[in-house]
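Colleague: Let me begin by handing over the structure; questions about it come next.
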Amino acid sequence: MTRQTMFAYGLALVLALSLIYTRVTTRSHYLQLQALQQQRDDFNVEWGRLLLQEARYAEPRYIEKTARRKLGMIYPVQEQISVIRLP
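This is the structure:
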């Protein structure tokens, strides 16, 4: 075998190994991308749930109901209300 033939075989081997490495790396990155996209979708679903929960907690009706139930708060009667006028 001549030097040129040996060089050509060596170059072909290096190219084949680099092709295999590139394919394995690409597949690995693609699987990682899919996992990250799934995680993003899960986060978007959770974000939607949190927005709904935030809207619910911000409703005056919910706040009043919770204040009555958990804190025992009631509306004051007319005699308990004082109006303060500033000069």
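One rule links them: number in the working numbering = place in the sequence shown (from 1) + 12. In this text, a Cβ means the ideal position worked out from N, Cα and C, and glycines have one as well. Bear in mind the structure is a predicted one, so any value in this text is a computation, not a measurement.
(1) The alpha helix (DSSP H) that contains ILE93, what's its start and end?
(2) Quick test of your reading: ARG80 and TYR74, contact by CB under 8 Å. State the CB separation rounded to the nearest angstrom.
(3) Roughly how many angstroms separate the alpha carbons of VAL26 and MET13, rounded to a whole number?
(4) The alpha helix (DSSP H) that contains GLU76, what's its start and end?
(5) Using the three-state DSSP reduction, which class does MET13 fall into: helix, strand or coil?
(6) In whole angstroms, give me the CA-to-CA distance for GLN49 and GLY60.
Modeller: A quick look at the data gives this:
(1) Looking up residue 93 in the sequence shown gives position 81. Segment: none, ILE93 is in no alpha helix (DSSP H) and carries neither H nor E.
(2) Here residue 80 refers to the residue found at position 68 of the sequence shown. Here residue 74 refers to the residue found at position 62 of the sequence shown. In fact, because the Cβ distance is near 11 Å, the residues do not count as touching under 8 Å.
(3) The count along the sequence shown starts at 1 and reaches residue 26 at position 14. The count along the sequence shown starts at 1 and reaches residue 13 at position 1. When rounded, the distance between both Cα atoms is 19 Å.
(4) For this step, residue 76 is matched to residue 64 along the sequence shown. Segment 72 to 83, the alpha helix (DSSP H) holding GLU76.
(5) Along the sequence shown, read from residue 1 onward, the residue named residue 13 stands at position 1. Coil, per DSSP.
(6) As a position in the sequence shown, residue 49 is number 37, starting the count at 1. As a position in the sequence shown, residue 60 is number 48, starting the count at 1. In a straight line, the C-alpha of GLN49 is about 17 Å away from that of GLY60.
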